[in-house]
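S.K.: Numbering (this note's numbering) for the sequence shown: 4 to 548. Every residue, glycine too, gets a C-beta built ideally from N, C-alpha and C. These numbers come from a predicted model, not from an experiment. Structure incoming, see below.
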Amino acid sequence: MTRFTAPLLALLLCTLEVQAAELVASVDRSRLNSGETVELTLESSDVTQFGKPDMTPLEPLFEVRGTRQVNQLNTLNGDNRATTRWIITLLPRQNGSVEIPPLQLGDIQSQPITLQVVESETPDNPQKRAAVFIDASLDQSSVYVQAQAILTLRIYHSVSLYDDSSLPPLQIPDARIEQLGDSRTYEKDIDGIRHGVIEMRYAIYPQHSGELIIPAQVFNAALVDPQPAQDAAQGAKSGKLMRVSSAQQLLTVKAKPDSYPADAPWLPARSLTLSESWNPEPDRAQVGDSLTRGLTVKAEGLASTQLPPLPATEVNGLRRYPDQPVLGNQNGDRGLVGSREDREALVPTRAGAIELPAVEVVWWNTFEDHLEHSSLPARTLQVAANPSLMVDTPASALPAEAATDSETLWRWQLSTLILACTTLLGFGLWWRGRSKPAVLRTAQSGPSPRTVLDDLKRACQANDSHATRQALDAWARQQPETLAEMAARFVPLSDALDGLNGALYSATGQHWQGDDLWRAIKAIPIAERVQDPTGDSGLPPLYPK
């Protein structure tokens, strides 16, 4: 096992080195005018390579204006990655199709790149011999409403400028403006004089037909003058301020053609494509599977916000769950390329063939000036049954099971009806009981509490100990507590009862006085004594103190 480990590791390391050892070439633009420079970038992450690429293959077709090297160290997830870039400024020696040949760096080589160098006229500007001037141009003189027109601003300077030079943002009434990337800098030879160029490109979308006036653009610059030694030592900044402006541009905006369908969104584009994607592929779809379908429309010359939603997949047998659209814009040599992707999750609900209709988008081809239709063909989804969602049931058992299900359903319906009736009955009884007291007083079978209390009063006032005892027992039977319990809580009653018992069981009983007992009975709190149920609570006490 150990004998094969070393060769395997060596092979793996060699594979990683081959993947990392590459020289990637790129340019800032592939289309340029004659006399303009282009920046070639060579990038390598091979730390074992030293020196710089061999520039000899460039000499027959290009003039190398400058080379600079940039080293970077990036950290991602704890891994350090060192890269080296060589930025080379090239001036093509001829027009037409020019190829940047492969360049060698040690054992690695870059890929070739083809440039298109277009013959251009010297900017027709009366200030072209000035140290700084600005040139504005449109890619076309007339466009349809809401179609794209590209405005290119180029600032030429034959002297160095300070960094505080400024150009106000482009503003045009009745037009939507999108800046196409960041500004680009390169060089251009004009009448044998090398000029630095600052280029900015804008996509303009007129919102109304007629004539659109693009106002002059003003550039404020501070020129760098050679400084005397004493000024340089003091750090003084000297320079000449310049203010240059471009010529005003006129753009003719055409209305939407009459032949364009009135019910279709207006889409003026140079080109438009439709594409479709699935995740996972629907070839083996089963009932209940989730299929994500993505419909993407990409239009050259339109922003993503101008693209309408694509038709939804409303098909019997598919449940649809739409997602948020994904919008994107890309900057190209011919302007803005907008894209819109509409995603939706589709879940088949039945097995068999499900027909998806064709998807069609109507648009106007601004390059060939005619109506076009882009479409995706209709397709058929073959959905298989899902075994996990099926129950193996013999065909002969289906009627019996249907009868069983019907009987079960009838029982459930009957029990539900009984439950509903009992619930209504209970609710009615509860509602009726709300108006009645929680505890009903029990009707007295013997004398009323008032009669018993009157008998007790008369016996006490007559000082008759035996009659008082009988009346007291009758009164105590109607009380919520026994005499012993009341006497334990009420001291006057306890003392009076002791006196009564002493009179009953002693020879001095004939001399007993019942006033103390009656006062004790009257002194018991009224809440602790039973009231006459027929009495009115609004009446005064029967025996006031």
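Under three-state DSSP, which class holds Asp286?
M.R.: Start at 1 with the first residue of the sequence shown, and residue 286 comes out as number 283. Three-state result, Asp286: helix.
S.K.: Evaluate contact between the region 366–379 and the region 320–335, counting only Cβ atoms and requiring at least three cross-stretch pairs below 8 angstroms.
M.R.: no
S.K.: Closest to Arg187 by CA distance: which of Glu39, Ile193 and Leu486 is it?
M.R.: Position 184 of the sequence shown, counted from the first residue, corresponds to residue 187. Measuring from the Cα of Arg187, the nearest candidate turns out to be Glu39.
S.K.: Give the straight-line distance between the Cα atoms of Ala400 and Val300, rounded to the nearest whole angstrom.
M.R.: Taking the sequence shown and counting its residues from 1, the one referred to as residue 400 is at position 397. Taking the sequence shown and counting its residues from 1, the one referred to as residue 300 is at position 297. Below a pLDDT of 50, predicted positions are generally treated as unreliable, and Ala400, at 43, falls in that range; no measurement from the model is reported.
S.K.: Kindly indicate which residue of Pro95, Leu35, Ser37 and Arg88 has the alpha-carbon position closest to the one of Glu62.
M.R.: Reading the sequence shown from its first residue, position 59 is the one you call residue 62. Cα-wise, what sits closest to Glu62 is Pro95.
S.K.: Is DSSP giving Ala236 helix, strand or coil here?
M.R.: Your numbering for residue 236 matches position 233 in the sequence shown. Because Ala236 sits at a pLDDT of 48, beneath the cut-off of 50, its placement in the model cannot be relied upon, and the following sentence gives the value as read from the coordinates. It is helical.
S.K.: In whole angstroms, give me the CA-to-CA distance for Leu254 and Leu170.
M.R.: Residue 254 sits at position 251 when you count from the first residue of the sequence shown. Residue 170 sits at position 167 when you count from the first residue of the sequence shown. For Leu254 and Leu170, the distance between alpha carbons rounds to 22 angstroms.
S.K.: Whose C-alpha, out of Pro283, Arg273 and Ala178, is nearest the C-alpha of Leu384?
M.R.: Translated into positions along the sequence shown, residue 384 becomes position 381. Residue Pro283 is the option with its Cα nearest to Leu384.
S.K.: In chain order, what residues of the same chain lie with their CB nearer than 6 angstroms to the CB of Thr2, ignoring the 5 residues before and after it?
M.R.: No information on residue 2 is available, as it lies outside the stretch 4 to 548 that the chain covers here.
S.K.: Check each candidate in Leu459, Arg296, Ala134 and Pro56 and name the one with the smallest Cα separation from Lys243.
M.R.: One-based indexing of the sequence shown puts residue 243 at position 240. The candidate whose alpha carbon is nearest that of Lys243 is Ala134.
S.K.: Quick one: residues in its chain with C-beta nearer than 8 angstroms to the C-beta of Ser497, no 5 flanking neighbours on either side, listed in chain order?
M.R.: For the purposes of this step, residue 497 is identified with residue 494 of the sequence shown, where counting begins at 1. The residues are Ala490 and Ala491.
S.K.: Distance, Cα to Cα, Ala398 vs Gly291?
M.R.: The residue labelled residue 398 in the question sits at position 395 within the sequence shown. The residue labelled residue 291 in the question sits at position 288 within the sequence shown. In this prediction, Ala398 scores a pLDDT of 46, lower than 50, which makes its location untrustworthy; the coordinate-derived value is nonetheless stated afterwards. If you take the alpha carbons of Ala398 and Gly291, they lie about 24 angstroms apart.
S.K.: In terms of alpha-carbon separation, which member of Asp31, Arg84 and Gln333 lies closest to Ser47?
M.R.: For this step, residue 47 is matched to residue 44 along the sequence shown. Considering only Asp31, Arg84 and Gln333, the residue with the shortest C-alpha distance to Ser47 is Arg84.
S.K.: To the nearest angstrom, how far is the alpha carbon of Arg343 from that of Thr316?
M.R.: As a position in the sequence shown, residue 343 is number 340, starting the count at 1. As a position in the sequence shown, residue 316 is number 313, starting the count at 1. Between Arg343 and Thr316, the C-alpha separation is close to 16 angstroms.
S.K.: Go through its chain and collect everything with a Cβ distance to Ser100's Cβ below 7 angstroms, but skip five positions before and after it.
M.R.: For the purposes of this step, residue 100 is taken as residue 97 along the sequence shown, with counting starting at 1. Cβ within range, chain order: Thr117 and Gln119.
S.K.: DSSP on Thr485, reduced to helix/strand/coil?
M.R.: For this step, residue 485 is matched to residue 482 along the sequence shown. DSSP places Thr485 in coil when its eight states are reduced to three.
S.K.: Going by DSSP, what residue range makes up the alpha helix (DSSP H) through Lys460?
M.R.: Position 457 of the sequence shown holds residue 460. Run containing Lys460: Pro452 to Gln464, per the alpha helix (DSSP H) assignment.
S.K.: Near Ala152, which residues of its chain fall below 7 angstroms by C-beta distance, leaving aside the five closest residues on each side in sequence?
M.R.: Taking the sequence shown and counting its residues from 1, the one referred to as residue 152 is at position 149. Scanning its chain for C-beta atoms nearer than 7 angstroms, with the 5 sequence neighbours on each side dropped, one finds around Ala152 the residues Leu141, Asp142, Gln143, Val146, Ile207 and Leu254, in chain order.
S.K.: Which residue's Cα is closest to the Cα of Ile524: Val455, His469, Leu507 and Trp515?
M.R.: Start at 1 with the first residue of the sequence shown, and residue 524 comes out as number 521. Looking at the Cα atoms, Val455 is the closest of the given residues.
S.K.: Which first and last residues belong to the alpha helix (DSSP H) in which Thr471 is found?
M.R.: To locate residue 471, count along the sequence shown from 1; it is residue 468. Element bounds for Thr471: Ser468 to Arg480.
S.K.: So, under 8 angstroms CB-CB, Leu305 and Ala272 are touching, yes? Tell me the CB distance rounded to an integer number of Å.
M.R.: If you number the sequence shown from 1, residue 305 lands on position 302. If you number the sequence shown from 1, residue 272 lands on position 269. So it is a contact: roughly 5 angstroms between Cβ atoms.
S.K.: Could I get the ranges of all uninterrupted alpha helix (DSSP H) runs contained in the region 65–107, with 4 residues as the minimum, in chain order?
M.R.: none
S.K.: DSSP beta-bridge partners for Val146?
M.R.: For the purposes of this step, residue 146 is taken as the residue at position 143 of the sequence shown. According to DSSP, Val146 bridges with Val256.
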